[in-house]
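Participant: So for the sequence shown, my numbering puts the first residue at 245; every next one is plus one.
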Amino acid sequence: MAIGRISTNQYFKLSTDRMSKQQTELVKLQGQLATGQRVLKPSDDPLAMSVALGAKAGVKTIDSYQSNITYVNNQLGQMDVALQSASDIMVSIKEAFLQAGNAALSPADREIIAQDIEGRMEELRGIANRTDANGYYMFSGTFQDQEPFQTPGGAITGTFLETFTAAAGEAVVGREIQVASGRFVNLSITGQDAFVDPNTNEDAFAILRDAVALLRNPAYPNGQEGATPQDTYLRAFNDKGAQLDDIFDQVQISRTKVGVRLREVETLQQINQSAQLELERVAGEAVGLDYAKAISELSQGQLQLQAAQQSFASTSQLTLFNFIG
């Protein structure tokens, strides 16, 4: 039977290889403890690394959704403030219409009311043409760089986006922003939505211009057959008030839409946060480190390496000449 013998060189090589391997393991454990991750490179555990990378990619995607939600919240919040201001102005205009229906007013009195309505009309136009922090018109839908309601004159008609063209019709759809997986929010409330009567396609500014023209017409209400001046004025401004009420209703409907969308994105924001936490948990479990176990393995490995080094140092000094007296 052959007896295997290990030479001194072989013993040295086996010992140093074993200690080198132990040192490599210790360095790896120290790296894991420093980073808090069990898997430091894909080759350590390809499947776990794949799971972690997929989860981290999902976290980044949700981050982008949350950024979109912040933007949507800001935009909708500004729209809500604008529409509230528009409502307040329209209420004050209705009060002016009630005064204008009095046939006993002098031309000077009517001129004062006309100027008041004109001023409020421009305030309302300023709201309808309000821009966001980036300088884009909030109520222009997909045509953010185009003023929704220009002052009439020349080739300008004064209606939404100058005239209700196919382009204006497309703008009514508004801009959609993705705020979650498969979920989009229609961000825009357009000028067509808020300031135009859907039944007559007449905007608030046309109604107000007509009211001012009536107040400044020196012949009005002369020639109104079968009606006294009092009846004529009262009927005329009651009609204007009713038309303005229809626009006011559109403003309120628009505010309701804004409120619904704000509530929706608030809910989606919470859902996204929960999904993000779950993905972070999955990523952490896939490549995360059990600190207690790693510290125990590090301590044990250090003791084993120290013992191996001491044993090797002692053994390497032994030769036959040490035993010859």
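Ideal Cβ positions, reconstructed from N, Cα and C, are used throughout, including at glycine.
Computed from a predicted structure; not experimentally measured.
(1) Considering Cα atoms alone, identify which of ILE433, GLY397, SER350 and VAL429 is closest to GLN494.
(2) Taking the alpha-carbon positions, what's the PHE439 to ASN430 distance?
(3) Out of curiosity, what's the CA-to-CA distance linking GLY467 and LEU478?
(4) Could you compute how far the alpha carbon of GLY426 sits from the alpha carbon of LEU506?
(5) Quick check on the DSSP output: the beta strand (DSSP E) that includes GLU391 runs from which residue to which?
(6) Considering only DSSP beta bridges, list what PHE428 is partnered with.
(7) What are the start and end residues of the alpha helix (DSSP H) that includes ASP454?
(8) Please tell me whether ALA326 and MET382 are closer than 8 angstroms, where the distance is taken between their beta carbons.
(9) Quick check: the segment 482-490 against the segment 301-319, are at least 3 beta-carbon pairs closer than 8 angstroms?
(10) So does the segment 310-319 actually touch the segment 338-347, counting three or more Cβ pairs closer than 8 angstroms?
(11) Between ARG364 and ILE337, how many whole angstroms is the CB-CB distance? I'm expecting something under 8 angstroms.
(12) In its own chain, which residues sit with a C-beta less than 7 angstroms from the C-beta of SER329, not counting the 5 before and 5 after it?
(13) Rounded to a whole number of angstroms, what is the C-alpha to C-alpha distance between ARG499 and ALA450?
(14) Please say whether ALA480 and LEU458 have beta carbons closer to each other than 8 angstroms?
(15) By Cβ distance, which residues of its chain are closer than 7 angstroms to ALA358, with the 5 residues on each side in sequence left out?
(16) What does the Cβ neighbour count give for PRO442, buried or exposed, with the cut at 16 atoms within 10 Å?
(17) Less than 7 angstroms between the CB of PHE428 and some heavy atom of the ligand GDP, yes or no?
(18) Please classify VAL502 as buried or exposed, where buried requires at least 16 other C-beta atoms within 10 Å of its C-beta.
(19) Within 10 Å of its beta-carbon, does PRO392 have 16 or more other beta-carbons around it, so buried, or fewer, so exposed?
(20) Can you give me the start and stop residues for the alpha helix (DSSP H) that GLY435 sits inside?
(21) Tell me whether ILE333 is buried or exposed, calling it buried when 16 or more other Cβ atoms sit within 10 Å of its Cβ.
(22) In chain order, what residues of the same chain lie with their CB nearer than 7 angstroms to the CB of GLU367, ignoring the 5 residues before and after it?
(23) Ignore the nearest five residues each way along the sequence and tell me which others in MET323's own chain have a CB closer than 7 angstroms to its CB.
(24) State yes or no: is the C-beta of ARG419 within less than 8 angstroms of the C-beta of GLY385?
(25) What is the DSSP secondary structure of THR375, reduced to helix, strand or coil?
(26) Return the bridge partner residues of TYR381 from the DSSP annotation.
(27) What's the call for GLY435, buried or exposed, on a 16-neighbour Cβ count within 10 Å?
(28) To the nearest angstrom, how far is it from the Cα of ILE356 to the Cα of GLU446?
(29) Tell me the DSSP bridge mates of ILE333?
(30) Sort out for me which residues DSSP pairs GLU406 with in a bridge.
(31) Would the beta-carbon of GLU406 fall within 8 angstroms of that of GLN394?
Facilitator: The relevant details are as follows:
(1) ILE433
(2) 18 angstroms
(3) Confidence at GLY467 is low in this model, with a pLDDT of 44, below 50, so the placement of that residue should be treated as unreliable; the coordinate-derived value is given next. Taking the straight line from one Cα to the other gives about 15 angstroms.
(4) Rounded to the nearest whole angstrom, the CA to CA distance from GLY426 to LEU506 is 18 angstroms.
(5) GLU391 -> no beta strand (DSSP E), and no H or E assigned at all.
(6) GLN422
(7) 448-460
(8) yes
(9) no
(10) no
(11) 5 angstroms
(12) ILE371
(13) For the pair ARG499 and ALA450, the Cα-to-Cα distance works out to about 22 angstroms.
(14) Between LEU458 and ALA480, the gap from beta carbon to beta carbon is short of 8 angstroms.
(15) Excluding five sequence positions before and after ALA358, the CB atoms of its chain that fall closer than 7 angstroms to its own CB belong to VAL456, LEU459 and ARG460, given in chain order.
(16) The residue is exposed, with fewer than 16 neighbouring Cβ atoms inside 10 Å.
(17) The ligand GDP is not part of the structure shown, which contains no ligands of any sort.
(18) buried
(19) buried
(20) 435-439
(21) buried
(22) ILE333
(23) MET382, ILE433 and VAL502
(24) yes
(25) strand
(26) THR375
(27) buried
(28) 25 angstroms
(29) Paired residue(s): none; ILE333 is not in a bridge.
(30) THR403
(31) yes
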